[in-house]
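Undergrad: Numbering follows UniProt numbering, with no gaps: position 149 of the sequence shown is 149. Quick reminder that beta carbons are idealized off the backbone N, C-alpha and C, glycines included.
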Amino acid sequence: MPNNEIFQGNDQVVPSISPDSWRHTFALTWVLSKRVVSAEYRGTVLGRIWSLINPLVTIAVFAVIFGVVFRGGVEPGVNSGIDSFALWIGIGVLCWGYLIGVINDGMGALVGNSGLLTKVYFPRYVLVLSATIARTFDFLFELAVLVAVTTVMGGPRVLLFIPLLLVILLVTGVFSFGLALFLSIATVYFRDITHLWGIFAQVWMYASGVVFPLTMLKSAQEHLFENGWGLGGKPLPLDFWFRLNPAELILEAFRAVLYDYMLPSPEICLGVLGWTAFTLLLGILTYRKFSPRIVEEL
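1. To the nearest angstrom, how far is the alpha carbon of V36 from that of L217?
2. Within the segment 175–206, note down every full alpha helix (DSSP H) run reaching 4 residues or more, in order along the chain.
3. To the nearest angstrom, report how far apart residue 366 and L110 are at their CA atoms.
4. Per DSSP, P235 forms a beta bridge with which residues?
5. Is the beta carbon of I133 less than 8 Å from the beta carbon of S33?
6. Return the Cβ separation of G283 and G178 in integer angstroms, given the expectation that the two are a contact with Cβ distance under 8 Å.
7. Would you kindly work out how many angstroms separate the C-alpha atoms of R191 and L270, rounded to a whole number?
8. How is M262 classed by DSSP in three states: helix, strand or coil?
9. Could you tell me the distance, in whole angstroms, from the CA atom of R243 to the CA atom of T118?
10. What does the alpha-carbon distance come out to for the pair V152 and D260?
11. Which value, in whole angstroms, describes the spacing of the CA atoms of P292 and G106?
12. Which value, in whole angstroms, describes the spacing of the CA atoms of N113 and V74?
13. Hey, quick one: how far does the alpha helix (DSSP H) through E142 stretch, first residue to last?
14. State the CB to CB distance for the pair F66 and F212, rounded to an integer number of angstroms; the pair is presumed to be in contact (CB under 8 Å).
15. What did DSSP end up calling Y121 once you bin it into helix, strand or coil?
16. Identify, in the order they occur along the chain, each residue of the same chain with its Cβ nearer than 7 Å to the Cβ of E297, setting aside the five sequence neighbours on each side.
17. Which same chain residues, not among the five before or five after A186, have their C-beta less than 6 Å away from its C-beta?
18. For P76, which residues from the same chain have a beta carbon less than 6 Å from its beta carbon, with the 5 sequence-adjacent residues on both sides left out?
19. Using 8 Å for Cβ pairs, my map puts A247 next to W96. What's the rounded Cβ distance?
20. With distances taken Cα to Cα, identify the nearest neighbour of F200 among S51, N54, T58, I100.
21. Can the beta-carbon of I91 be found closer than 8 Å to that of L214?
22. Could you check the C-alpha separation between E286 and N227 for me, to the nearest Å?
23. Just to check my reading of the structure: I59 and A86 have Cβ atoms closer than 8 Å, yes? What is that Cβ distance to the nearest angstrom?
24. Grab me the residues of V78's own chain with a C-beta within less than 8 Å of its C-beta, minus the 5 sequence neighbours each way, in chain order.
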């Protein structure tokens, strides 16, 4: 194995690795992940608290818009008895922030490190994976806050669901990593994807039930039908398409645990696992086909 090194900044040294060495690949991934985590809030006074401030502002705005202006709301938690639309929105905003954050960070990892990639060989997916791990560490802090809040509002029974919560987190990370890996390769070849993705992500958020429940969508569906908007004499199947959305299914899984203190339904579990397998396979196949030419395109 060559003994050269990859220099990251003035004081960070990352060992170069052999393409087939899983041990060194893991070591490099871990070093890069720690570097991203430690650098993100370096020099700030509030540190990791900043990861909560922006979402809290967003939660407050959406709670006012959809809870007060549009008179939205949700049923109390099935087993928790929690009756808080703001908390329901908060779970959606924070969990969506993790999902989309992994994708955004990962899809720009290759283009953003073009200088490094053109100098030293190492498995290209390491950059996307390290971005995923770093974002996951950040979200663990936010998730701990969510668990603490739900414990206060609904009782300590939620603590029994922590192992399940971590499984949902892992599956969400794998789903997002697969999509990020695919988009990172696509972005190398077509830079316009970055701008198109920004538009799509905004639409995707509102189509994922981040800030409004399915009941509000069904009410809108019935209102449209009463005003002549239908399909084959029936209401538009907005709720059907809504439930096919993988992000909506993931948020439902988180809310089942954190808001209702219950297991996600089998339909949600199968849907999430199916979409996760699809995005991971898509990312792996795209990477295997196009990664050999990444440096040339950069």
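TA: Quick answer:
1. 39 Å
2. 193–206
3. As displayed, the chain neither begins before 1 nor continues past 298, which places residue 366 out of reach and without an answer.
4. G230
5. yes
6. 4 Å
7. 34 Å
8. coil
9. 43 Å
10. 14 Å
11. 18 Å
12. 44 Å
13. 125–154
14. 5 Å
15. coil
16. V188, Y189
17. I193
18. D83
19. 7 Å
20. I100
21. no
22. Note that residue 286 is Thr in the sequence shown here, rather than Glu. Going from the Cα of T286 to the Cα of N227 covers about 45 Å.
23. 6 Å
24. D260, Y261, M262
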